[in-house]
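Trainee: Going by our numbering, the first residue of the first sequence is number 3, and it counts up by one from there. Provided herewith is a single structure, encoded as structure tokens, for subsequent inquiry.
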Amino acid sequence: MPVTLFDSLTRSPRELRPSQPDGVYRFYNCGPTVYAPAHIGNFRTFVVNDLIRRVLELEFGPDKVKHVRNITDVDDKTIRRSREEHRALAEVTQQWTDKFHADCDALNCLRPHVEPTATGHIPEQVGMIAELMQKGHAYATADGSVYFKVGSFPGYGALSRVKERELQIGSALAGKPQTADADEKEDGSDFALWKAWKPEDGDVKWPGPTGAAAGRPGWHIECSAMSRKHLGETIDLHTGGEDLLFPHHENEIAQTECCTGHQFAKHWYHSKHLMVDGAKMSKSLGNLYTLDDLRAKGFSPMALRYALLAGHPRKQLNFTLDSLHAAEKALATLRSFRAALSPTGGDSTVFEPVFAALRDDLNTPAALGALFTVVNRGPAGIALAAFDRVLFALGLKLDAPAAPAAEAPAEVKDLAAQRWAAKQAKDWAEADRLRGAIAALGWSMLDSKTDYKLEPAKK
RNA sequence: GGCGCGGUAGCCAAGUGGUAAGGCCGAGGUCUGCAAAACCUCUAUGCGCCGGUUCGAUUCCGGCCCGCGCCUCCA
């Protein structure tokens with residue numbers, strides 16, 4: 003069954019097919035800049051990309067997908083952070099890389115097959131810049147930086163239709179101050195391939211290409227170089243958040259295609275941004291959440307994953323804490339449904355509508371709808387293995403506890419023991435009074451036939 | 001200013017030229033001393049507004065109103 007995905011280049015849905023004879027699907031996904039914990043907006047993109055990875059594996063086989071996602075571990079933000087904290091750049095970026103991995107694991111995102119770092123691929127980037135200079139697509143400036151000459155690549159703007167955009171820049175951006183390095187450039191739209199060392203870069207520098215000073219690579223070249231090294235000159239799919247479409251991806255195309263002379267990516271995909279409480283996420287609005295922020299509010303990472311899946315990846319999704327509450331409840335229903343399934347035998351085709359929705363441009367809300375349509379019919383005659391295949395496709399893990407178990411304070415435990423005794427004595431008035439006292443301390447006492455447990459009260 | 005997206009029940013959110021998936025919330029019920037959990041049932045004559053095309057439009061066309069995103073090395 004064909005998988006279709008919207009293609010940002012042609013602006014239409016297109017079928018995904020491996021283009022190389024080995025049948026391996028080559029998938030490059032722009033990764034995080036590691037200078038702080040990623041926020042849930044970042045994770046929307048990574049969860050969507052994880053879904054692509056899973057759908058591809060189901061379609062072509064687990065060994066027929068090669069997924070590469072980079073780590074940007076040198077740029078203005080990482081360097082600034084390292085200077086602020088008086089720590090080595092590598093130490094800072096390692097810390098946040100580890101945190102990113104832990105968060106991804108918690109969200110049940112499959113690790114990419116290769117996760118290259120920018121600092122680990124300096125020679126590849128320098129080599130590519132040298133190649134571009136030799137071919138006349140790049141030039142060094144007086145300070146030893148190197149810029150890509152946008153005018154030398156006729157295909158520039160095909161992805162973002164930037165030429166249409168530039169017509170308006172005169173009116174809207176005319177008053178904008180020029181950046182310091184703009185004076186060095188031959189043309190305003192040229193972009194940096196190599197940035198000459200400046201004092202604020204501290205000890206962060208590498209030898210540059212011939213004709214350039216020591217310094218560090220620009221942002222765009224890392225993806226071109228790492229993608230080329232790990233996936234070859236032409237890849238099957240390149241993805242990222244919508245904000246990367248321009249200039250990042252447009253620039254990647256220019257760099258790679260000017261070097262190799264071949265088409266860079268067969269297919270482009272961009273997921274939309276996550277909004278929070280109806281507005282763009284930003285620190286100034288105070289609506290920027292990390293995974294740990296949500297954990298602190300008692301929500302599980304899986305609830306975030308579910309909430310992210312509840313919106314179509316190509317539509318803005320408005321995130322609210324309410325949606326996490328809904329997600330927790332939905333997960334609980336799936337959990338009990340799974341527990342009711344027979345481990346052997348049963349129908350394995352009932353979930354086909356779920357897969358069909360995913361194959362149709364990753365329509366996750368429709369997939370969840372189809373899933374619950376089956377769930378609501380009841381567990382009779384449904385194979386556990388078939389349900390688990392759905393869970394794999396969506397990346398949902400149900401065996402994880404909904405919330406981390408917390409230890410009740412001694413005071414609460416004491417009240418609970420008293421209430422249990424009152425209950426055994428059938429002193430209902432006293433039992434109810436004690437339940438109220440426990441609740442007042444922020445805990446819930448949940449009874450079973452023979453036992454009870456304490457949980458933090460639901461907000 | 002230009003480009004693009006969206007307005008579907010209290011909230012979130014699919015979808016189709018033929019009469020509205022699903023989740024949450026809410027209501028009722030089974031169970032429980034009571035709760036919680038679980039399970040069962042119910043919940044939009046309606047899809048921003050106004051026209052048009054059509055046997056028939058939420059779905060197509062035109063206009064309007066409202067919200068949002070991008071055009072700044074932010075996923």
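Note that CB positions come from ideal geometry on N, CA and C, so glycine has one too. None of these values were measured; they are calculated from a predicted model.
#1: Relative to the C-alpha of Gly263, which candidate in Gly234, Leu239 and Ala431 has its C-alpha closest?
#2: Could you tell me whether the region 375-390 touches the region 285-298, using the rule of 3 or more Cβ pairs below 8 Å?
#3: Are the region 98-107 and the region 227-246 touching by the rule of at least three beta carbon pairs closer than 8 Å?
#4: Take every Cβ of the region 314-334, pair it with every Cβ of the region 26-39, and state whether three or more of those distances are shorter than 8 Å.
#5: For Asp390, which of Thr351, Val414, Arg361 and Gly371 has the nearest alpha-carbon?
#6: With 16 as the cutoff for other CB atoms within 10 Å, does Lys137 come out buried or exposed?
#7: Closest to Pro156 by C-alpha separation, out of Glu259, Val70 and Gln426, would be which residue?
#8: Alpha carbon to alpha carbon, what distance is there between Phe48 and Met447?
#9: Quick one: what's Asp349 bridged to in DSSP?
#10: Would a C-beta distance cut-off of 8 Å place Ser302 and Val50 closer than the cut-off?
#11: According to DSSP, is Ile312 part of a helix, a strand, or is it coil?
#12: Hey, could you find the ends of the alpha helix (DSSP H) Asp24 is sitting in?
#13: When you compare only the Cα positions, how much space is there between Pro23 and Lys66?
#14: If you reduce the DSSP assignment to three classes, tell me which class Thr181 lands in.
#15: Could I get the ranges of all uninterrupted alpha helix (DSSP H) runs contained in the region 33-84, with 4 residues as the minimum, in chain order?
#16: If you draw a straight line from the C-alpha of Lys241 to the C-alpha of Gln257, how long is it?
#17: Could you have a look at Ala140 and say whether DSSP puts it in helix, strand or coil?
#18: When you compare each of Ala215, Gly159, Pro201 and His88 to Ala144 by their alpha carbons, which one comes out closest?
#19: Beta-carbon separation of Pro15 and Leu7 under 8 Å?
#20: Check His269 in the structure and name its three-state DSSP category.
#21: For Val217, which of helix, strand or coil comes out of DSSP?
#22: With Ala424 and Glu432 assumed to form a contact (beta carbons below 8 Å), what rounded beta-carbon distance in angstroms separates them?
#23: Should Ser10 go down as buried or exposed, given a rule of 16 or more other Cβ atoms within 10 Å for buried?
#24: Please state the DSSP three-state secondary structure of Asp9.
#25: Ordered along the chain, which non-local residues of its own chain (more than five positions away) have a Cβ less than 8 Å from that of Met3?
#26: Between which two residues does the beta strand (DSSP E) carrying Thr320 extend?
#27: Please report the straight-line C-alpha distance between His222 and Leu161, rounded to a whole angstrom.
#28: Quick test of the definition: if touching needs 3 or more C-beta pairs under 8 Å, does the region 333-342 touch the region 72-90?
#29: Report the three-state DSSP secondary structure of Lys187 (helix, strand or coil).
#30: Cα-Cα, which of Pro209, Glu252 and Leu310 is closest to Leu276?
#31: In chain order, what residues of the same chain lie with their CB nearer than 8 Å to the CB of Ile237, ignoring the 5 residues before and after it?
#32: Quick check: the Cα distance between Asn365 and His314, rounded to an integer number of angstroms?
#33: Can you list the alpha helix (DSSP H) stretches of 4 or more residues lying completely in the region 427-461, in chain order?
#34: Determine, using beta carbons only, whether Leu336 and Ile42 come nearer to each other than 8 Å.
#35: Compute the Euclidean distance between the alpha carbons of Gly397 and Leu53, then round it to the nearest angstrom.
#36: Quick check on Ala462: buried or exposed, where buried means 16 or more other Cβ atoms within 10 Å of its Cβ?
Mentor: Straight from the coordinates:
#1: Stepping through the first sequence from its first residue, residue 263 is reached at position 261. Closest by alpha carbon: Gly234.
#2: no
#3: no
#4: no
#5: The residue labelled residue 390 in the question sits at position 388 within the first sequence. Among Thr351, Val414, Arg361 and Gly371, the Cα nearest to that of Asp390 belongs to Thr351.
#6: As a position in the first sequence, residue 137 is number 135, starting the count at 1. Looking at its Cβ environment, which holds fewer than 16 other Cβ atoms inside 10 Å, Lys137 is exposed.
#7: In the first sequence, counting from the first residue as 1, residue 156 sits at position 154. Residue Glu259 is the option with its Cα nearest to Pro156.
#8: Along the first sequence, read from residue 1 onward, the residue named residue 447 stands at position 445. Along the first sequence, read from residue 1 onward, the residue named residue 48 stands at position 46. Looking at the two C-alpha atoms, the distance is approximately 38 Å.
#9: Along the first sequence, one-based indexing puts residue 349 at 347. Its beta-bridge partners are Ile384.
#10: For this step, residue 302 is matched to residue 300 along the first sequence. For this step, residue 50 is matched to residue 48 along the first sequence. No, Cβ-Cβ distance for Ser302 and Val50 is not below 8 Å.
#11: Within the first sequence, the letter at position 310 stands for residue 312. The sequence as given places Ala at residue 312; Ile does not occur at that position. Residue state, collapsed to three classes: coil.
#12: Position 22 of the first sequence holds residue 24. Counting along the chain, Asp24 falls outside any alpha helix (DSSP H), and DSSP gives it neither H nor E.
#13: Locating residue 23 in the first sequence gives position 21, where the first residue counts as 1. Locating residue 66 in the first sequence gives position 64, where the first residue counts as 1. In a straight line, the C-alpha of Pro23 is about 11 Å away from that of Lys66.
#14: Looking up residue 181 in the first sequence gives position 179. In this prediction, Thr181 has a pLDDT of 45, which is less than 50 and means its spatial position is unreliable; nothing more can be read from the coordinates.
#15: 42-62
#16: Counting from 1 along the first sequence, the entry for residue 241 is found at position 239. Counting from 1 along the first sequence, the entry for residue 257 is found at position 255. Note that residue 241 is Thr in the sequence shown here, rather than Lys. Near 17 Å, if we compare the C-alpha coordinates of Gln257 and Thr241.
#17: Start at 1 with the first residue of the first sequence, and residue 140 comes out as number 138. In the structure shown, Ala140 sits in a strand (DSSP, three-state: E or B).
#18: Along the first sequence, read from residue 1 onward, the residue named residue 144 stands at position 142. Taking only the C-alpha atoms, the option nearest Ala144 is Ala215.
#19: The residue you call residue 15 lines up with position 13 of the first sequence. The residue you call residue 7 lines up with position 5 of the first sequence. Cβ distance < 8 Å, so Pro15 and Leu7 count as in contact.
#20: Taking the first sequence and counting its residues from 1, the one referred to as residue 269 is at position 267. It is coil, neither helix nor strand.
#21: By 1-based counting over the first sequence, the position of residue 217 is 215. Val is not the amino acid found at residue 217; the sequence shown has Gly there. If DSSP states are grouped into helix, strand and coil, Gly217 belongs with the strands.
#22: Numbered from its first residue, the first sequence carries residue 424 at position 422. Numbered from its first residue, the first sequence carries residue 432 at position 430. Sure, about 4 Å apart at Cβ, within 8 Å.
#23: As a working mapping, residue 10 is identified with position 8 in the first sequence. Ser10 comes out buried.
#24: Position 7 of the first sequence, counted from the start, is the residue given in the question as residue 9. Three-state DSSP puts Asp9 in a strand.
#25: Indexing the first sequence from 1 puts residue 3 at position 1. So the list reads Glu61, Phe357, Ala358 and Arg361, once near-sequence residues are dropped.
#26: Looking up residue 320 in the first sequence gives position 318. A quick correction: the sequence has Asn, not Thr, at residue 320. Leu319 to Phe321 is the extent of the beta strand (DSSP E) around Asn320.
#27: For the purposes of this step, residue 222 is taken as the residue at position 220 of the first sequence. For the purposes of this step, residue 161 is taken as the residue at position 159 of the first sequence. Distance between the alpha carbons of His222 and Leu161: 15 Å.
#28: no
#29: Numbered from its first residue, the first sequence carries residue 187 at position 185. Coil.
#30: Position 274 of the first sequence holds residue 276. The shortest C-alpha separation from Leu276 is found at Leu310.
#31: By 1-based counting over the first sequence, the position of residue 237 is 235. Non-local C-beta neighbours of Ile237 in its own chain, meaning closer than 8 Å and more than five positions away in sequence, comprise Arg28, Phe29, Tyr30, Ser229, Phe266, Ala267 and Lys268, ordered along the chain.
#32: As a working mapping, residue 365 is identified with position 363 in the first sequence. As a working mapping, residue 314 is identified with position 312 in the first sequence. Looking at the two C-alpha atoms, the distance is approximately 6 Å.
#33: 430-442
#34: For the purposes of this step, residue 336 is taken as the residue at position 334 of the first sequence. For the purposes of this step, residue 42 is taken as the residue at position 40 of the first sequence. No, these two residues do not count as a Cβ contact at 8 Å.
#35: Here residue 397 is taken as the residue at index 395 of the first sequence, counted from 1. Here residue 53 is taken as the residue at index 51 of the first sequence, counted from 1. The straight-line gap from Cα to Cα measures roughly 7 Å.
#36: Residue 462 is absent from the model: the chain starts at 3 and stops at 461.
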